[in-house]
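Everything below concerns the one structure shown next.
There are 2 protein chains.
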Amino acid sequence: MAEGGAGPGGESLLFLTDEQLRKGIEAMFFAYRGFTADPDRILDNYAYGRAHHRALHFIHRSPGTTVNNLLGILGVTKQSLNRVLRTLIEDGLVESRVGRKDKRERHLFLTEKGAQLERELSDAQRARMRAAYRAAGPAAVAGFRQVLEAMMDPDLRRQYQTIKDTTS
Amino acid sequence: MAEGGAGPGGESLLFLTDEQLRKGIEAMFFAYRGFTADPDRILDNYAYGRAHHRALHFIHRSPGTTVNNLLGILGVTKQSLNRVLRTLIEDGLVESRVGRKDKRERHLFLTEKGAQLERELSDAQRARMRAAYRAAGPAAVAGFRQVLEAMMDPDLRRQYQTIKDTTS
DNA sequence: TTGGAAAGTCAACAAGGCTGACATAAAATC
DNA sequence: GATTTTATGTCAGCCTTGTTGACTTTCCAA
Chain P
1 MAEGGAGPGG ESLLFLTDEQ LRKGIEAMFF AYRGFTADPD RILDNYAYGR
51 AHHRALHFIH RSPGTTVNNL LGILGVTKQS LNRVLRTLIE DGLVESRVGR
101 KDKRERHLFL TEKGAQLERE LSDAQRARMR AAYRAAGPAA VAGFRQVLEA
151 MMDPDLRRQY QTIKDTTS
Chain F
1001 MAEGGAGPGG ESLLFLTDEQ LRKGIEAMFF AYRGFTADPD RILDNYAYGR
1051 AHHRALHFIH RSPGTTVNNL LGILGVTKQS LNRVLRTLIE DGLVESRVGR
1101 KDKRERHLFL TEKGAQLERE LSDAQRARMR AAYRAAGPAA VAGFRQVLEA
1151 MMDPDLRRQY QTIKDTTS
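Here the protein sequences line up with chains P and F, keeping their order. Residues in the first sequence are numbered consecutively from 1, following the numbering used here. Residues in the second sequence are numbered consecutively from 1001, following the numbering used here.
Pasting the structure below:
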C-alpha cells in the first residue's frame, strides 16, 4: 500500500523525513485544540461537555438514529453514552421514541431546544472552519480532506463515508 | 479577514455550504481518532495515557524545556501536568534538573528509557501519517498543513511556529 | 529587607472514559 | 411454545486527566 508512491496522480516517490512527519503530527495536535475551542467555551455556559456536543451533533445529523448506531459512530461504551443521553433527555434537548417496527430500539431526535443548542455550537465550529477554508483556498481544502480521510481507521472511514453519502 | 476570498492564490469567492463544512468537521473528528489510535494502544501496555504521550513528545522535541514552557504548549494547568510528570520521573523516563540560573525552574530531559518509549510511540504515529501522506500525495499534504494552520488559535499557531522554526 | 511574583507541589473534586453484573423487553430461532 | 439473542438501560466502582485552592521555595524589585 503506497509503497511505490507513484499511483494515479502521485508525483513520484515521496521521501518523508521524520521532521516533516513530526510537523504534521504537531499540526494535528494544535489544530484540534482550535477545532474544539469555540464549542467548549459555549458548553461551559450550559454545564455540558464535549460528550454532549458529539451526541447532539450526530443526532442532528441523523435524526431518528438508534442508540446502537450512535455507539458505533462515537466509539464509546453504552454506559458512557447513556449517562450523557440521560441528562440531555431529562433536560428536554433530546427525545427518545420507542421504535415502531422493533420496539427494543429507541430512536433519538432533537427537540426544538436541543436543535437550538446544536445550532449555536455548530455555528461557532463552522465559522472557524469557514475562515480556515477561505484562508487556505479551495485546492488546500481538497488536500486537507484527502489526508484526513487517509488517516482514519478503515472502520471509522466507513462510518464517515456512510454518513457522508447518506446526505450528500 | 478572508472576506473577499480572492487573496493571493485564491480562486475567487469560496461559497461554502453548511454541508461542506459539516463534512470537514466530521473528517477532523474521525481522523483525530485514527491519529491517536496507535499510540493509545501502545500506552495501554504501559499503564500510561495520552497525557504522558504528549509530555514525552514535547520534552523529546525540546530537551531542557521548563515546566512552564510545557504548560504553555500543552494548555493544561500546572497541577495537571505535574501529576503526569511525577509518574514519568518516578518511573525513570524523565529527568528533572534544577535550573542553574533560576533555581525555581526545572529543566526536563528524557532518559534513555524515556527516549525508547517516545520512539516507540512516535514510530507508530509517524507510520500512519506517512501512509496517509503517501496515499494523498504531495499537493494534498501541502493543503492539509495550510488548513490545519489556519484552524489554530493565534496563540497556539505561534507556539506551533516557534517550535517549527526552532528546528526546521 | 521585605513584599510580591513566579515555579513547583500537594490535596481534593469533577467529567467522562472504562468494566462487570444485572434487568427488561422484544425479536429471532429452534 | 421454549429458548436464545439482541437492544437498551441501570447500578456500582474504577481510572485518567482535567479543574481550583492552598502552600513552599526562590527570585527580584521597591
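Glycine residues also receive a C-beta, built at the ideal position from the N, C-alpha and C atoms.
Note on geometry: alpha-carbon atoms of P:Arg100 and P:Thr65 lie some 13 Å from one another.
DSSP, read as helix, strand or coil, puts P:Val94 in strand. Close partners of P:Arg119 in chain F (Cβ separation under 9 Å) are lacking, with about 10 Å as the shortest Cβ gap. The beta-carbon distance between P:Val147 and F:Ala1136, rounded to whole angstroms, is 5 Å. This is short enough to meet the 8 Å contact definition. Contact between the region 1077–1095 of chain F and the region 1020–1039 of chain F is absent: fewer than three C-beta pairs spanning the two stretches fall below 8 Å.
P:Asp91 is outside the set of residues whose beta carbon lies under 8 Å from a beta carbon in chain F. Residues of the region 93–120 of chain P with a Cβ closer than 7 Å to any Cβ of chain F: none. Counted as a single uninterrupted DSSP element, the stretch harbouring F:Phe1109 is not any alpha helix (DSSP H) but the beta strand (DSSP E) occupying residues Arg1106 to Leu1110. Excluding its 5 nearest sequence neighbours in each direction, F:Ala1051 has C-beta neighbours in its own chain below 7 Å: Val1084, listed in chain order. Under the criterion of beta carbons closer than 8 Å, F:Ser1096 and F:Leu1108 qualify as touching, at roughly 6 Å. For P:Thr66, the secondary structure class from DSSP, reduced to helix, strand or coil, is strand. Look at the region 36–53 of chain P: the residues with a C-beta under 7 Å from a C-beta of chain F are Ala37.
Of all residues in the region 1139–1168 of chain F, only Ala1139, Ala1140, Val1141, Ala1142, Gly1143, Phe1144, Arg1145, Gln1146, Val1147, Leu1148, Glu1149, Ala1150, Met1151, Met1152, Asp1153, Leu1156, Arg1157, Gln1159, Tyr1160, Ile1163, Lys1164, Thr1167 and Ser1168 place a beta-carbon less than 8 Å from a beta-carbon of chain P. The beta carbons of P:Met129 and F:Tyr1032 sit no closer together than 8 Å.
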